[in-house]
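So the protein sequences, as listed, match chains A and B.
Mapping of the first sequence onto UniProt numbering: residues 1 to 267, in sequence order.
Mapping of the second sequence onto UniProt numbering: residues 1 to 267, in sequence order.
We treat Cβ as the ideally placed atom computed from N, Cα and C, and that holds for glycine.
Bear in mind the structure is a predicted one, so any value in this text is a computation, not a measurement.
Shown next, in C-alpha cells, is the structure this report addresses.
There are 2 protein chains.
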Amino acid sequence: MRKLGTVHLVGAGPGDPDLLTLKAARLIETADAVAYDRLVSDAVMEMVPAGAEQVFVGKESGCHHCSQDRINTILLELARRHGTVVRLKGGDPFVFGRGGEEAEFLARHGVEVRVTPGITSAAACGAIAGVPLTHRGLATGVRFVTGHAKGDAPLDLNWKSLADPDTTLVVYMGLATLPRLSAHLIGHGLPSDTPVLAVQNGTTPRERRLLTTLGEAAVSLALARFRPPTLLIIGRVAALADAPELVAEAEAAAPDAAPPAVALAHA
Amino acid sequence: MRKLGTVHLVGAGPGDPDLLTLKAARLIETADAVAYDRLVSDAVMEMVPAGAEQVFVGKESGCHHCSQDRINTILLELARRHGTVVRLKGGDPFVFGRGGEEAEFLARHGVEVRVTPGITSAAACGAIAGVPLTHRGLATGVRFVTGHAKGDAPLDLNWKSLADPDTTLVVYMGLATLPRLSAHLIGHGLPSDTPVLAVQNGTTPRERRLLTTLGEAAVSLALARFRPPTLLIIGRVAALADAPELVAEAEAAAPDAAPPAVALAHA
Chain A
1 MRKLGTVHLV GAGPGDPDLL TLKAARLIET ADAVAYDRLV SDAVMEMVPA
51 GAEQVFVGKE SGCHHCSQDR INTILLELAR RHGTVVRLKG GDPFVFGRGG
101 EEAEFLARHG VEVRVTPGIT SAAACGAIAG VPLTHRGLAT GVRFVTGHAK
151 GDAPLDLNWK SLADPDTTLV VYMGLATLPR LSAHLIGHGL PSDTPVLAVQ
201 NGTTPRERRL LTTLGEAAVS LALARFRPPT LLIIGRVAAL ADAPELVAEA
251 EAAAPDAAPP AVALAHA
Chain B
1 MRKLGTVHLV GAGPGDPDLL TLKAARLIET ADAVAYDRLV SDAVMEMVPA
51 GAEQVFVGKE SGCHHCSQDR INTILLELAR RHGTVVRLKG GDPFVFGRGG
101 EEAEFLARHG VEVRVTPGIT SAAACGAIAG VPLTHRGLAT GVRFVTGHAK
151 GDAPLDLNWK SLADPDTTLV VYMGLATLPR LSAHLIGHGL PSDTPVLAVQ
201 NGTTPRERRL LTTLGEAAVS LALARFRPPT LLIIGRVAAL ADAPELVAEA
251 EAAAPDAAPP AVALAHA
C-alpha cells in the first residue's frame, strides 16, 4: 500500500492573513492539497499555490450539506493522493473547530496528523477593539462557549456556572441564539447592564463592531443588521472598548449597516 | 513637544518563533526598541535587530523587582525616545498579560497603542499534545484562569462555577498553588480522576509533558520536578493526549527530570 500523506490541521486565524503564524503561512504556501471552509478568508486562500488541489468543505449555516463524516472521508482521500494536505480552519483548529474529531478519525486510519494553532477570534477581536480578555479588577479569567444549536434545540449549557460576573464570556456563533442566551444569563443573575461587544467579520475589510449591553444586545444587533460570523465578548472588560485611543469608529459605511452603530448603542 | 512613538503590545506566542504571527515577526524585525519579560523565548529575542534598544522588564516569580508601575513608566519613556516600540509579551498580551493595564496607562499619557494578538499557551499546548480544547461529547467550552496568588493569599476564584465537568479548564501559572487548586475543585464536585495534562516550557526545546489526574497532579508534578512555566489542561479532553499518533514521548532526557514521566503517571 502506498504511504499516506500527512494532514496538517492548520489554524487560519480570524481572516487577516497577517495574523497567520509563520508556520501556518509556510504550510499553506507549500501544500499539495488544501481543504477549507467558509470561515477561511479569501485573502488567506490567495496564498495557496496555483498547482494545489483545493476542496471546499464548508458547512453552510442551517444547511449542513457537508457533514462531518463527509469531511473526514474527503481528508482521508486527500491523504491517499497527496504528500502534504492542509486542512485550513478559521481561527484555531481546537477551539470549536471540530479538529479533534478529524484528528481522531485520521489517526484511526493510519494518517499522520499535525496541528498548527491559530489566533482564535476572541484574541483577535479583543486586540483590535482594545478589550483585554482578562484585566485586574474586572475579570479573573475568560471562557469560550458556542451559541450554536441545531434548529430549536435548547442551548445545553451550564447557565449557573456561566453567569459569573468575574469572568469574561466569549460566545462564538451566538447571534442566532442571542435572545435565549441573554435571557438565560440574566435569569441566572448576570446583570442586564453587563457590557457586550459584538464584532462581525473581525480583522477583515468588512469588520463591524457594536458596544451594547446584555439586556439590549439581541435587539440592538438585530436593528443594526449584524450577520454571522459575529463574536460576542460579554463582561465588564467590554466597556474598555470605549477608550478613545483604542476603540474603532462606528462602521457607518458598512454595506448592510442601516443607522450608525453608535447611535443605536446609545439610543 | 516632540511627537510620541507608537507602542505595540505584541504577543510573542508560546516560545517557538515559528508560532509568531506574520505581523508580530515584522514588528519585531523593524522595532526601534523592545521591552520584554522572561516568558519571551531566546529564539524570539534573536529576531530583534542589533541596533534596537532592548529593555528587560521581567517580573521574577516571587520577587517582583520590576513592578507594573515601573514597567508602565519604562514604556512611556521608550515612546518618548523612539518611533516604534514593541512591548513583547509571552503568549497573548490580553490573556493574563496585564496588557490592558499598560494600554490604559499609555493611552492616558497620549501614546498611541496597537495590539497584535499572539498564540496563547493553551492553544499551543493543546496543538502539540493533540488535545482539543473543545470536543463533541467531552467539552462544550473552555475557560482560562490563573493559579497565580501572592504568597499565601487565598485563590480568589469562583470554585462552584469552575468545577464544571463539561468545560475544559486551563490553568496558567498554577504549579505553585496546585495543591490548593485541586483540593478546591475536588471539594466542589470535580471528580478526582479528571485527567490533567501538564506542559512545561511548551513548544520550546525544553518542553516536558505529563498526563495525570486531578487527585494526583500535585504529587506527580512535584515528584517529576515540574517547574514554571507550566500550563495545566484539566478536563476530559486531556485524556486524548494518550492517542499514540499525537502524544509526545515522555521526556526522560529532560535535564531535571528524574524518573521517566510516564512511569510516574501510571505508578
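**Study point:** Residue environment, Arg143(A), which counts as buried when at least 16 other CB atoms sit within 10 Å
**Key:** Looking up residue 143(A) in the first sequence gives position 143. That one is buried.
Review point. Counting Cβ pairs, one atom from each stretch, are 3 or more of them under 8 Å apart for the segment 112–119 of chain B and the segment 115–126 of chain A?
Key: yes
Practice item. Could you tell me which of Val40(A), Ile28(A), Pro229(A) and Asp37(A) sits nearest to Gly51(A), measuring between CA atoms? Key: Looking up residue 51(A) in the first sequence gives position 51. Ranking the options by Cα distance to Gly51(A), first place goes to Ile28(A).
Review point. Would Thr116(A) count as contacting chain B if we go by Cβ distances under 8 Å?
Key: Position 116 of the first sequence holds residue 116(A). Closer than 8 Å: yes.
Practice item. Taking C-beta pairs closer than 7 Å, name the residues in chain A that residue 296(B) reaches, listed in chain order. Key: Because chain B here runs from 1 to 267, residue 296(B) falls outside it and cannot be looked at.
**Study point:** Residue of Leu76(A), Thr204(A), Gly174(A) and Lys89(A) minimising C-alpha distance to Val7(A)
**Key:** Here residue 7(A) refers to the residue found at position 7 of the first sequence. Checked all of Leu76(A), Thr204(A), Gly174(A) and Lys89(A); the closest Cα to Val7(A) is Leu76(A).
Check your understanding: With a Cβ-Cβ cutoff of 8 Å, do Gly11(A) and Lys89(A) count as a contact?
Key -> In the first sequence, residue 11(A) corresponds to position 11, counting from 1. In the first sequence, residue 89(A) corresponds to position 89, counting from 1. Yes.
**Study point:** Beta-carbon proximity check, Val170(A) vs Leu232(A), cutoff 8 Å
**Key:** For this step, residue 170(A) is matched to residue 170 along the first sequence. For this step, residue 232(A) is matched to residue 232 along the first sequence. Yes, the Cβ-Cβ distance between Val170(A) and Leu232(A) is below 8 Å.
Exercise for review: Specify, as a first and last residue, the run of the beta strand (DSSP E) that Phe56(A) falls within.
Suggested key: The sequence position of residue 56(A) within the first sequence is 56, counting from 1. Here the beta strand (DSSP E) through Phe56(A) covers Glu53 to Phe56.
Exercise for review: Give, in chain order, every residue of the segment 67–91 of chain A whose Cβ lies closer than 7 Å to some Cβ of chain B.
Suggested key: none
Exercise for review: On the DSSP bridge assignment, give the partners of Gln200(A) in chain order.
Suggested key: Here residue 200(A) refers to the residue found at position 200 of the first sequence. For Gln200(A), which the question treats as bridged, DSSP gives the partners Arg208(A) and Thr230(A).
Point to revise | Distance, Ala79(B) Cα to Pro14(B) Cα | key: Numbered from its first residue, the second sequence carries residue 14(B) at position 14. Numbered from its first residue, the second sequence carries residue 79(B) at position 79. When rounded, the distance between both Cα atoms is 26 Å.
Practice item. Please decide whether Leu19(B) counts as near chain A, where near means a Cβ-Cβ distance under 8 Å. Key: On the second sequence, position 19 is the one that residue 19(B) refers to. True, the Cβ-Cβ gap to chain A drops below 8 Å.
Check your understanding: How would you label Pro195(B), buried or exposed, when you count the other beta carbons within 10 angstroms and need 16 or more for buried?
Key -> Here residue 195(B) refers to the residue found at position 195 of the second sequence. Per the 10 Å Cβ criterion, buried.
Check your understanding: Can the beta-carbon of residue 294(B) be found less than 8 Å from the beta-carbon of Leu211(B)?
Key -> Any question about residue 294(B) goes unanswered here, given that chain B covers just 1 to 267.
Check your understanding: Between the segment 192–221 of chain A and chain B, which residues of the former have CB atoms less than 7 Å from a CB of the latter, in chain order?
Key -> none
Check your understanding: Would you report the Cα separation of Glu112(A) and Pro17(B), rounded to the nearest angstrom?
Key -> For the purposes of this step, residue 112(A) is taken as residue 112 along the first sequence, with counting starting at 1. For the purposes of this step, residue 17(B) is taken as residue 17 along the second sequence, with counting starting at 1. Roughly 23 Å between the two C-alpha positions.
Review point. Does Gly126(A) get closer than 8 Å to chain B when you measure Cβ to Cβ?
Key: Numbered from 1 along the first sequence, position 126 holds the residue referred to as residue 126(A). So yes, Gly126(A) belongs to the interface.
Practice item. Anything in chain B within Cβ reach of Asp166(A), meaning under 7 Å, just list it in chain order. Key: In the first sequence, the residue the question calls residue 166(A) occupies position 166. Neighbours of Asp166(A) on chain B, chain order: Asn158.
Practice item. Can you check DSSP and say which residues form a bridge with His8(B)? Key: As a first step, residue 8(B) must be located in the second sequence, where it is residue number 8. Per DSSP, Val86(B) and Arg114(B).
Exercise for review: Report, in whole angstroms, the separation of the C-beta atoms of Glu100(A) and Leu240(B), which I expect to be a contact under 8 Å.
Suggested key: Position 100 of the first sequence, counted from the start, is the residue given in the question as residue 100(A). Position 240 of the second sequence, counted from the start, is the residue given in the question as residue 240(B). The question names Glu, but residue 100(A) in the sequence shown is Gly. Right, the Cβ-Cβ distance comes to about 7 Å (below 8 Å), so this counts as a contact.
Exercise for review: Please confirm whether Thr167(A) and Gly235(A) have their CB atoms less than 8 Å apart.
Suggested key: Along the first sequence, one-based indexing puts residue 167(A) at 167. Along the first sequence, one-based indexing puts residue 235(A) at 235. Cβ atoms of Thr167(A) and Gly235(A): closer than 8 Å.
Practice item. Would you kindly report the start and end of the unbroken alpha helix (DSSP H) that includes Lys73(B)? Key: In the second sequence, counting from the first residue as 1, residue 73(B) sits at position 73. Contrary to the premise, residue 73(B) reads as Thr rather than Lys in this sequence. Gln68 to Arg81 is the extent of the alpha helix (DSSP H) around Thr73(B).
**Study point:** Residues near Pro179(B) by beta carbon distance below 6 Å, same chain, minus five either side
**Key:** Position 179 of the second sequence, counted from the start, is the residue given in the question as residue 179(B). Around Pro179(B): Ala218.
Exercise for review: Check whether the Cβ atoms of Thr134(B) and Phe96(A) lie closer than 8 Å to each other.
Suggested key: Locating residue 134(B) in the second sequence gives position 134, counting from the first residue. Locating residue 96(A) in the first sequence gives position 96, counting from the first residue. Against a cut-off of 8 Å, the Cβ pair of Phe96(A) and Thr134(B) comes out as a contact.
Review point. Leaving out five residues before and five after Thr230(A) in sequence, what residues of the same chain have Cβ atoms less than 6 Å from its Cβ?
Key: As a position in the first sequence, residue 230(A) is number 230, starting the count at 1. Cβ within range, chain order: Leu175, Ala198 and Gln200.
Exercise for review: In angstroms with no decimal places, state the Cα-to-Cα distance between Ala224(B) and Arg209(B).
Suggested key: Translated into the one-based positions of the second sequence, residue 224(B) becomes position 224. Translated into the one-based positions of the second sequence, residue 209(B) becomes position 209. Their Cα atoms are separated by approximately 10 Å.
**Study point:** Limits of the alpha helix (DSSP H) - the one that Val44(A) falls within
**Key:** As a first step, residue 44(A) is located in the first sequence; it is residue number 44 there, counting from the start. Here the alpha helix (DSSP H) through Val44(A) covers Asp42 to Met45.
Check your understanding: How many whole angstroms separate the CB atoms of His82(A) and Asp37(A), which I take to be in contact at a CB cut-off of 8 Å?
Key -> In the first sequence, the residue the question calls residue 82(A) occupies position 82. In the first sequence, the residue the question calls residue 37(A) occupies position 37. Between Asp37(A) and His82(A) the Cβ distance is about 18 Å, and since that is not below 8 Å, they are no contact.
Check your understanding: Near Leu20(A), which residues of its chain fall below 6 Å by C-beta distance, leaving aside the five closest residues on each side in sequence?
Key -> Along the first sequence, read from residue 1 onward, the residue named residue 20(A) stands at position 20. For Leu20(A), where only same-chain residues beyond five positions count, the Cβ hits under 6 Å are Gly13.
Exercise for review: Go ahead and pull the three-state DSSP assignment for His188(A).
Suggested key: Position 188 of the first sequence holds residue 188(A). His188(A) falls in the coil class under three-state DSSP.
Exercise for review: State yes or no: is the beta carbon of Ala25(B) nearer than 8 Å to at least one beta carbon in chain A?
Suggested key: By 1-based counting over the second sequence, the position of residue 25(B) is 25. Taking Cβ atoms only, chain A reaches closer than 8 Å to Ala25(B), which makes this a yes.
Practice item. Output yes or no for whether 8 Å exceeds the beta carbon distance between Ala149(A) and Thr177(A). Key: Counted from its first residue, the first sequence places residue 149(A) at position 149. Counted from its first residue, the first sequence places residue 177(A) at position 177. Their beta carbons are under 8 Å apart, which means Ala149(A) touches Thr177(A) by this criterion.
Exercise for review: Output, in chain order, the set of chain B residues within a Cβ distance shorter than 8 Å of Thr30(A).
Suggested key: Counting from one through the first sequence, the residue named residue 30(A) turns up at place 30. Result: empty, since nearest Cβ-Cβ is about 14 Å, beyond 8 Å.
Check your understanding: When DSSP labels each residue in this structure, what does Leu39(A) get in the three-state scheme?
Key -> Indexing the first sequence from 1 puts residue 39(A) at position 39. In the structure shown, Leu39(A) sits in coil (DSSP, three-state: anything other than H, G, I, E or B).
Exercise for review: Mind checking which residues open and close the beta strand (DSSP E) that includes Phe144(A)?
Suggested key: Position 144 of the first sequence, counted from the first residue, corresponds to residue 144(A). Looking at the DSSP string, the run of the beta strand (DSSP E) that includes Phe144(A) is Gly141 to Thr146.
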